[in-house]
Structure formats: structure tokens, C-alpha cells
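Here the structure is laid out as C-alpha cells; the discussion comes afterwards.
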Amino acid sequence: MAWCLPPEFAKKVKESIRKGEFSTEKFNTDSATRRSMLEKIVGKENAQEVNLMYEKSLLLKNQERAMFDFVRKITGLSKAEKEATLAKIRETYATKKERIFEPREQENFLNEVAADIYTRKFRTDVTLKEAQKITEDTARVNELKAKIPADDPIGSPARLKYGAELIASQEYVRQLKVDANVTKGTDYVVEASGAAKSFKATFDNSFFGRQGQKMFYRNPVDWTYKFAKSFPDIVREIRGIDTTAAVKVDGFSRPNALNGKYKKMEIDVDILGEEAFPSELPAKIPAFGRVHRASQAAFNNAALRFRFDYADKLIKQMEKQGIDTTDAFQMKAVGEEINSMTGRGSIGKLEVIGKEINATLFSVKFLKANVNTLLRPFFGKTTTPFSRHVARQNLIRIIGGIAAVNFVAEMMNPGSQEFDPRGSHFGKVATPDGKTFNHSAGLGSLVTLASRLVPTMHDGEWGFWTKNSKTGIYSKLNDASFGKDDAVDMFENFWEGKLSPLAGVLRDHWAGRTYTGEKPDIGTTIKGLTVPISIEQFMDLMEDPSEDNVAVPMLLEMLGYNLGTPYKTNWETSTSQELKQFNEQVGDKVFKEANDEYNRLYNEWFLQYQNDERFTNLSDENKQKLITSKKSEIKGDIFWKYNFTPEKSTPTDLPYLP
-10 MAWCLPPEFA KKVKESIRKG EFSTEKFNTD SATRRSMLEK IVGKENAQEV
40 NLMYEKSLLL KNQERAMFDF VRKITGLSKA EKEATLAKIR ETYATKKERI
90 FEPREQENFL NEVAADIYTR KFRTDVTLKE AQKITEDTAR VNELKAKIPA
140 DDPIGSPARL KYGAELIASQ EYVRQLKVDA NVTKGTDYVV EASGAAKSFK
190 ATFDNSFFGR QGQKMFYRNP VDWTYKFAKS FPDIVREIRG IDTTAAVKVD
240 GFSRPNALNG KYKKMEIDVD ILGEEAFPSE LPAKIPAFGR VHRASQAAFN
290 NAALRFRFDY ADKLIKQMEK QGIDTTDAFQ MKAVGEEINS MTGRGSIGKL
340 EVIGKEINAT LFSVKFLKAN VNTLLRPFFG KTTTPFSRHV ARQNLIRIIG
390 GIAAVNFVAE MMNPGSQEFD PRGSHFGKVA TPDGKTFNHS AGLGSLVTLA
440 SRLVPTMHDG EWGFWTKNSK TGIYSKLNDA SFGKDDAVDM FENFWEGKLS
490 PLAGVLRDHW AGRTYTGEKP DIGTTIKGLT VPISIEQFMD LMEDPSEDNV
540 AVPMLLEMLG YNLGTPYKTN WETSTSQELK QFNEQVGDKV FKEANDEYNR
590 LYNEWFLQYQ NDERFTNLSD ENKQKLITSK KSEIKGDIFW KYNFTPEKST
640 PTDLPYLP
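Sequential numbering of the sequence shown, starting at -10, is according to our numbering.
Listed below in C-alpha cells is the structure:
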């Protein structure tokens, strides 16, 4: 997109010309000084662009005319102003013409231009020395690329040498970006939010069960092979060996990288990192940093391997079918499918504020990728017949794979699986002890949300229905009952669950309770911002007295198959007067033990009878009555055990107001 100086700054340039502050004489200096002068007139961001335009003008053959055109482009001048400006330019170049093309000065000038061009390209300040290194590295990379024979096999010494040099130069530029100073207030917020997300994503190997789960249903053998390779990556990273560089060296030295087909596809392989790890801050912490880098590398390496290999496969298919693989539209359509299948959908025009969105939502690109997986098989402005065909094949395999897993789980534990998309357990595997594991790669929650927000029928009545998969009870979302969730609540809850850690902590404090029902304090805030998700789940499992098998659920959680626990009610957050009285009588420790006993007894009862015909044949209303009655009975038994009798509250005397 062409850059244009905003009108208000163009006006300032005109005024500066009249005052003599903006002149070709003063511009006869080095690039850094010239930028500093321009910043006072057009601001820091515009100064960089104006200076680059000026320097490019000096490289043109007719420098006098180029300089005049430069001033005209950024301001617009009257006839008198044009003549005066042109006269000044001629006078300046009369004394400068012999000097500017002296070899040493010309070399310095070209280096300054290169520095400004790199600054614009990489969106970070680049010094003369850094620009020289980038230029030298680029020349060396191009030289090695030219030496690779066309028929050289993937992984050959020549290819790997080129790839290593390319990745080293890219890493140098990447480090320049990482080391760039934070300059705006929003940058600090984005960095803080990114650091929290990176902390939360540590201590797991979750790509395979989340972003990469769809690739399992596409090709389970290939998925298993890449899954096995992730563990040596983790070990090497903990030992301090950079494994991501090796994966990139292999990928960027392949034929489809050298011929530009990956670039035409716009597959996300040439990026700083995945959205789950937006910050480098945790990696700088001693000891913890190595574990963090191991988790990050396992995630990034898996994504890169899948994208490189899947791109090669689809390019080969396109060539066999006679599809033009030099056509940018054809290639980009297929590239979007590759990105979507590996958890990185494009957010289109919102990419310009992608960092800010990523600071607000946990995984917006993953969410968009899942939307693409469900919709792109059927329509889309950026799709082609071939890309839609591939997308349909993938969706069929995903649906078939999810159904097969649930069918096997249902055979092992009859009546435990949810096949109604309006149910809270849809797309998950339910275990006999009430836990759930999400194996739908996040697709299930989208289907469930859509199923609840469109009219459907239950018991012969149309409405917006939701189902509690734990109890089997259906609720109508649009019956206007006081205190019940409606369709708007469902939509809001969906997005609240997608908030980033920082945004989630703010939500908790505004709402006066955490997403799990706790009262927010300094402890919940620190936990919400820094404790990895897998560690949180481990702590919850260890606190559960009824949990006798921590290893299996923890392993599945660390692999990305989001763990869901059985029903739990938290008495500490209850506003019930009798529970407050009970807490005061027995103390906090016994109160918590009694709460745990209540949850254990209720879950044991419910798991025993949830598939009993005497329960399943009841109406939704009678199911709820039975559950409420049983909960009251269990609570009463616990009160009796601890010799507690609730005091009856006395009604408040209200004044008579005729």
C-alpha cells in the first residue's frame, strides 16, 4: 500500500518552507540528523517515510527534478512557491553536485538509504552497522542459493548450507525486533498480556491435542510421527540446543521455498512465533526459561513441520491436476486451508491490530482457523474449486474421526457420550468418573454455540435450547424466566471464555468472582497471570480427595485435550446464610472438608443413576426436582454430622408507607 502524508502534516511542511525551517540546504546532512529535523515537523512515524522518500529521490539521475518532485508530492505547492523552491534546489545542487558522488560519500549515503529501507521493511530502527550486516548476509544467502543444483535432493549439504545461512540472517533481524524499545503505552499492555499468555502456555506439549488435532484426523500416521519427534525437541531445548532453527533450515531449503511457492501460498512459516507464545520475557528467567523454550519449540516445530509437509503434498496434487501453481490466487486459497488446518487462520483487515486483539483474546487465530474449517468447504471469496475440494475432504475426515472416537467411548461406557450438539459435552469424551476430554480441536464449542443460537425443537416445542450434559436437562433460553441464562448470556459466556489471561483477570475483578466462582484477590490474580494451565489443573486434581489417578488426566491435559472435571459447588462463594453460619461454627478447615465431602457424595450418587431408566425417563422438570432434593438431603446429612442446625432468619421490619 502506497504511503501518503496526512493533510495536516503537509500543511505543516508548507509553513516550515515559508519560515525556512524545511529547506534543501538544511537537508544536506546525514540520515539520522535529517530524520530528527523532520520529526519536529511531521512526527516520528511520518519522518521515517519522508526521509526515505527524500533519499530515494537523491538516487535518481536528475536529482534536481527529483528533489523538486519530492517536495511537491508531500505538500502540493502554488505557482510562486514552486518557482522559489526550485530556485533553492538549483542553488543547493550547484555546490553539491561534485561532492555527492565522491566514492566514500556515496558509499556512506547508500548505507544510510539501506538503513532507512530496512527500518521500514522490518518495522524497527536499523543502524548503519546493522544495515551493512543485513546487506552482506543477504548477498551471501543469494550466492549460496544460486549454487544449489535444480535436481539437488531435499536435505542435501548445499540446500542445508543455504538454509542455515538464511535462518541465521533472519534470526539476526528477528533479534533486532525483539530488542527494539517499547515506545507506546499500548505496547506495554500488549507486552504484559503476551508475557502472561506465554507463562500460561509453558509446561505442556499442547499443539497436538489442540491446533494440530485436525491433522490427526487427516492423517493419523503422519501426526503420530511428528508427535514422536516433539519429545527429542523438548529434551534438546532444555539442554540449550535450538531445534526450531533446524526445522526452518530444512523447510526453507526445500524446492518450493526456493521457487517462491510457499511465499505465494502465504503459509505461516516465516513468522516470529505462534500466537500461544507472543512474548520472549519468560524465556529470560533462569531455569524456568529453558522449560519455557522447550514448550515453545515443541509447539512451533510441530506447526512448521505440518505446514511445510502439507504444502509440498498439496502443491504436488495441484501440479498433477494441471492447476497453475504460479497463480497467486490459486496458491493463496490452498495456503489458507493449510494455515486453518494447523490452527492459524487469517483475521483479514484486522491483522493491522493483531497484537492488540491477541492481547485481549487468548487464541483469535485458532478460533478463526476453526471457523474456516467449518465454512470454507462450502463458500468463501478467497476459495477455489480445488481448495474447497481439499477443505471438504478434511472436514469429512474430522467429523468421521470425532464420531469414531465417541462411538468407541460409548461402547466402553454406554450412555456417557453426548451426541446432541446443544449439549455441553458435545465433541468431548466423557469418562466413567465424570471427567471430560475435548478431542474436537475446539470445533465442538463452535457447533454447540451455533446450535444454541438458532431455533431448534425439543419435546415438540421450538426455541433456543441448551442441554446440561451432566444432568441431561434441557433449558429453553428464551422463556424469560428470572435468573436463567438466555441466548445473549450464552453468546457473552462464549467470548468471556476466550479472553486472554490479562483480560480475564480484569473481567474477574469487575464481576467480583473468577470464572470458576472464586472471589478474586491477589492470589487469584497472580495465579491467573503466571501459573501455567497444566500446573493449575495438577493443583486442582491434587486438592480433590476423591481423585486417585492423577497421571492420566494430567498427561491428556498437557497434550492439549482440555480436562473437564465433575460437578463441583463452591460453598465459599455462596451467599446462603445457612452456609455462612455453618462456616462460622466449624471454621474454615472443616468447612472446606465438608464442602469436598458434599461434592464427592453428590457425584457418586449422580454417576450411579445418571443412566438409570428411572432417572432418564423423567421430564426435565422432574429431573431438576430430584437433583435439587438429593443435594438438599446430602447437605442436611453433612450438617447433622457436624451437629449444626441453621438459625432461622428473622424478617426485617419494614416501615409503613401509605
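We put the CB at the ideal spot given by N, CA and C, even for glycine.
Just so we're clear, the structure is a prediction, and the values are computed from it rather than from any experiment.
| The beta strand (DSSP E) spanning residue 454 covers which residue range? | By 1-based counting over the sequence shown, the position of residue 454 is 465. Start and end: 454 to 457.
| said: On the DSSP bridge list, what partners appear for residue 488? | reply: Residue numbering aside, residue 488 sits at position 499 when the sequence shown is read from its first letter. For residue 488, the beta-bridge partners assigned by DSSP are 350.
* With DSSP run on the structure shown, which of helix, strand or coil describes residue 206? -> Taking the sequence shown and counting its residues from 1, one reaches residue 206 at position 217. It is helical.
| Apart from the five residues just before and just after residue 119, which ones in its own chain have a Cβ nearer than 6 Å to its Cβ? | Locating residue 119 in the sequence shown gives position 130, counting from the first residue. Once the five neighbours on either side are set aside, residue 119 has no close Cβ partner at all.
Handout entry: Distance, residue 366 Cα to residue 376 Cα
Key = In the sequence shown, the residue the question calls residue 376 occupies position 387. In the sequence shown, the residue the question calls residue 366 occupies position 377. When only Cα atoms are considered, residue 376 and residue 366 end up about 8 Å apart.
(request) Within 10 angstroms of the Cβ of residue 480, are there 16 or more other Cβ atoms? Answer buried if so, exposed if not. (result) By one-based count along the sequence shown, residue 480 stands at place 491. That one is exposed.
Go through its chain and collect everything with a Cβ distance to residue 89's Cβ below 6 Å, but skip five positions before and after it.
On the sequence shown, position 100 is the one that residue 89 refers to. Any reading at residue 89 needs caution, since the residue's pLDDT is 41, under 50, leaving its predicted position unreliable; the model's value is listed next. In its chain, beyond the 5 residues on either side, no residue has a beta carbon closer than 6 Å to the beta carbon of residue 89.
Taking only three categories from DSSP, how would you classify residue 607? Within the sequence shown, numbered from 1, the residue matching residue 607 stands at position 618. Three-state result, residue 607: coil.
Fill in: Selected residue, minimal CA-CA separation from residue 327, among 25, 204, 226, 622
The residue you call residue 327 lines up with position 338 of the sequence shown. It is 204 whose Cα lies nearest to the Cα of residue 327.
Discussion item. Only counting the same chain, and skipping five residues up and downstream in sequence, which positions put a Cβ closer than 8 Å to that of residue 444?
Written reply: In the sequence shown, residue 444 corresponds to position 455, counting from 1. Excluding sequence neighbours, residue 444 sits near 451, 452, 453.
query = What separation, rounded to the nearest whole angstrom, lies between the Cα atoms of residue 229 and residue 240?
reply = Position 240 of the sequence shown holds residue 229. Position 251 of the sequence shown holds residue 240. Whole-angstrom Cα-Cα distance: 22 Å.
| request: Please look up how many angstroms separate the CB atoms of residue 650 and residue 556, rounded, as I've assumed it's under 8 Å. | output: Shown here, the chain extends from -10 to 647; a query on residue 650 therefore has no answer.
Checklist line | Segments of 4+ residues assigned as alpha helix (DSSP H) that fall wholly inside the stretch 570 to 608 | finding: Correct list: 577 to 598, 602 to 605.
Can you list, in chain order, the residues of its chain whose CB lies under 7 Å from that of residue 460, leaving out five sequence neighbours each side? On the sequence shown, residue 460 is found 471 positions in, with the first residue counted as 1. Residues 612, 616 of the same chain have their beta carbon placed closer than 7 Å to that of residue 460, with the five preceding and five following residues left out of the count.
Other residues of its chain near residue 572: CB distance less than 7 Å, five sequence neighbours each side excluded = Position 583 of the sequence shown, counted from the start, is the residue given in the question as residue 572. Same-chain partners within the cutoff: 580.
Please classify residue 629: is it buried, with 16 or more other beta-carbons within 10 angstroms of its beta-carbon, or exposed? As a first step, residue 629 must be located in the sequence shown, where it is residue number 640. Its Cβ having fewer than 16 others within 10 Å, residue 629 is exposed.
Closest Cα partner of residue 243 within the set 437, 200, 140:
Mapped onto the sequence shown, residue 243 falls at position 254. Nearest C-alpha to residue 243: 140.
| task | Keeping to the same chain, check which residues put their C-beta closer than 7 Å to that of residue 302; ignore five residues upstream and five downstream. | result | Taking the sequence shown and counting its residues from 1, one reaches residue 302 at position 313. Closer than 7 Å at the Cβ level, and outside the excluded window around residue 302, lies no residue.
Going by CA-CA distance only, name the one from 438, 31, 605 that's closest to residue 356.
-> Here residue 356 corresponds to residue number 367 of the sequence shown, with the count starting at 1. Residue 438 is the option with its Cα nearest to residue 356.
Under DSSP, the alpha helix (DSSP H) around residue 335 begins and ends at which residues?
Walking along the sequence shown from the start, residue 335 turns up at place 346. Per DSSP, residue 335 belongs to no alpha helix (DSSP H) and is neither H nor E.
Check your understanding: By Cβ distance below 7 Å, which residues in the same chain neighbour residue 179 in space, the five residues on each side in sequence not counted?
Key -> Here residue 179 corresponds to residue number 190 of the sequence shown, with the count starting at 1. Contacts found: 344, 345, 348.
Residue 544 to residue 537 span [Cα, whole Å]
Taking the sequence shown and counting its residues from 1, the one referred to as residue 544 is at position 555. Taking the sequence shown and counting its residues from 1, the one referred to as residue 537 is at position 548. Cα-Cα distance, rounded: 15 Å.
Output yes or no for whether 7 Å exceeds the beta carbon distance between residue 222 and residue 287.
Translated into positions along the sequence shown, residue 222 becomes position 233. Translated into positions along the sequence shown, residue 287 becomes position 298. A contact, by the Cβ cut-off of 7 Å.
I need the straight-line Cα distance from residue 413 to residue 474, nearest angstrom please. Along the sequence shown, read from residue 1 onward, the residue named residue 413 stands at position 424. Along the sequence shown, read from residue 1 onward, the residue named residue 474 stands at position 485. Answer to the nearest angstrom: the Cα atoms are 14 Å apart.
From the DSSP output, in three-state form, read off residue 464 for me.
On the sequence shown, position 475 is the one that residue 464 refers to. Strand at residue 464.
Requested in this report: Could you tell me which residues DSSP pairs with residue 26 in its beta bridges?
Outcome: What you label residue 26 is simply residue 37 of the sequence shown in a count that begins at 1. BP columns for residue 26 are empty, so no partner.
*asked:* Any contact between the stretch 307 to 316 and the stretch 387 to 394? By contact I mean 3 or more CB pairs, one from each, below 8 Å.
replied: no
Would you please state the rounded distance, in angstroms, between the beta carbons of residue 160 and residue 246? I believe it to be under 8 Å. By one-based count along the sequence shown, residue 160 stands at place 171. By one-based count along the sequence shown, residue 246 stands at place 257. In fact, because the Cβ distance is near 16 Å, the residues do not count as touching under 8 Å.
Check: Using a beta-carbon distance below 7 Å, is residue 148 in contact with chain C?
Finding: Among the chains of the structure shown, chain C does not appear; only one protein chain is present.
| said: Taking the alpha carbon of residue 398 as the reference point, which residue from 411, 384, 419 has its own alpha carbon closest? | reply: Here residue 398 refers to the residue found at position 409 when the sequence shown is read from its first residue. Checked all of 411, 384, 419; the closest Cα to residue 398 is 419.
Status (buried if at least 16 other CB within 10 Å, exposed otherwise) for residue 37: By 1-based counting over the sequence shown, the position of residue 37 is 48. Classification for residue 37: buried.
For this session: Give the DSSP-derived three-state secondary structure of residue 417 in the structure shown.
Result: Counting from one through the sequence shown, the residue named residue 417 turns up at place 428. DSSP places residue 417 in strand when its eight states are reduced to three.
Notebook entry, point to check: In chain order, which continuous runs of the alpha helix (DSSP H) of length 4 or greater are located wholly inside the stretch 136 to 203?
Noted result: With a minimum length of 4 residues, the unbroken runs of alpha helix (DSSP H) contained wholly in the stretch 136 to 203 fall at 146 to 168, 174 to 189.
request  = Answer yes or no: do residue 701 and residue 194 have a C-beta to C-beta separation smaller than 7 Å?
outcome  = Because the chain is modelled from -10 through 647, residue 701 falls outside the range shown and cannot be assessed.
* Range of the contiguous beta strand (DSSP E) that encloses residue 426 -> Counting from 1 along the sequence shown, the entry for residue 426 is found at position 437. Looking at the DSSP string, the run of the beta strand (DSSP E) that includes residue 426 is 425 to 427.
Would residue 31 be called buried (16 or more neighbouring beta carbons within 10 Å of its own) or exposed?
For the purposes of this step, residue 31 is taken as the residue at position 42 of the sequence shown. Classification for residue 31: buried.
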